[in-house]
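In our numbering, the protein residues as written are 112 to 371.
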């Protein structure tokens, strides 16, 4: 039986990944900050599907988080066959007026923890010549977003990094996929402190986490390098940069995100 490690597994897209993979009889390693939420989900999935579920409560903004996780897995003789780097957050507002510590924690979680955990899991996968890594990007990966500057930059990194690894790892039998959802029915906009009016405009057609996960797992099976989930407007958003001058695109997105 294969084992999937999912970060940000206590809610939203991460929890749906856990549910879908459990139904396919994957053993799970669930990582998030909230022990109680993780344990409740683990107990439910283990009982429903007869799988092994390991819970690792861990704040991934800690610089040694990935090392701590991998050490715990080694002590329990758990090999990771599928890594899903789902944990991440954003924050809305003018960059200069925001809290520097918040931006640095965002980079630590969205980028550094992802790179660290990917590197530690990828080496054994390549040695075994099997495995998969699924990194959660965003439609924000494809263009700069004023008033969401750091988040968009971290997701641009995730897309570029994942596509490069997709090429590097093909000959080793390891799949790498960047999943780029648009607005999704999660707590993301609330956590990011979006104004209600802006959240309504940006996320006029929210996708369900279930749809995002189904599309992601299908794309992984088909060995794509990236997938943009959701409807037509998401495709328009990510392809606009192919037709608009860079400054015009940035101004258009900035005017949308500036809000009232």
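From the three backbone atoms N, C-alpha and C, an ideal C-beta is built for every residue, glycine too.
Here the structure is a predicted model, which is why all the values come from computation and not from measurement.
Simplified DSSP state of residue i, which is helix, strand or coil
i, result
"residue 202", "coil"
"residue 196", "strand"
"residue 340", "coil"
"residue 114", "strand"
"residue 335", "coil"
Expected contact under 8 angstroms - CB spacing of residue i and residue j to nearest Å
i, j, result
"residue 221", "residue 265", "4 angstroms"
"residue 293", "residue 250", "4 angstroms"
"residue 257", "residue 365", "3 angstroms"
"residue 172", "residue 135", "That pair is no contact at about 30 angstroms."
"residue 252", "residue 225", "Contact doesn't hold; Cβ gap of about 13 angstroms is too wide."
"residue 261", "residue 214", "5 angstroms"
Same chain only: Cβ atoms within 6 angstroms of residue i, ignoring 5 sequence neighbours per side
i, result
"residue 148", "121"
"residue 164", "139, 153, 156 and 157"
"residue 247", "197 and 290"
"residue 227", "177"
"residue 273", "246, 287 and 289"
"residue 113", "137 and 192"
"residue 144", "170"
"residue 116", "140, 191 and 194"
"residue 280", "287"
Residue i, enclosing beta strand (DSSP E) - first and last residue
i, result
"residue 245", "242-247"
"residue 191", "Per DSSP, residue 191 belongs to no beta strand (DSSP E) and is neither H nor E."
"residue 355", "It is not in any beta strand (DSSP E) - residue 355 carries neither H nor E in the DSSP assignment."
"residue 143", "138-143"
"residue 120", "Careful: residue 120 lies outside any beta strand (DSSP E) and carries neither H nor E."
"residue 286", "285-291"
Residue span of the alpha helix (DSSP H) that contains residue i, given as start and end
i, result
"residue 320", "320-332"
Close beta carbons around residue i, own chain, < 7 angstroms, minus the five adjacent residues each side
i, result
"residue 231", "177 and 181"
"residue 324", "124, 127, 128 and 131"
"residue 179", "169"
"residue 326", "338 and 340"
"residue 331", "243, 245, 286 and 288"
"residue 209", "202"
Contact set for residue i: own chain, Cβ-Cβ below 8 angstroms, skip 5 residues either direction
i, result
"residue 254", "263, 348, 349, 351, 352, 360, 361 and 364"
"residue 150", "166"
"residue 285", "233, 236, 237, 240, 241, 242, 243 and 244"
"residue 162", "112, 133, 136, 137, 138, 139 and 156"
Original post:
Which runs of the alpha helix (DSSP H), 4 residues or longer, sit entirely within the stretch 160-188?
Top reply: 176-186
**OP:** List in chain order: all unbroken alpha helix (DSSP H) runs of 4+ residues lying wholly within the stretch 203-278.
**Re:** 211-218 and 225-239
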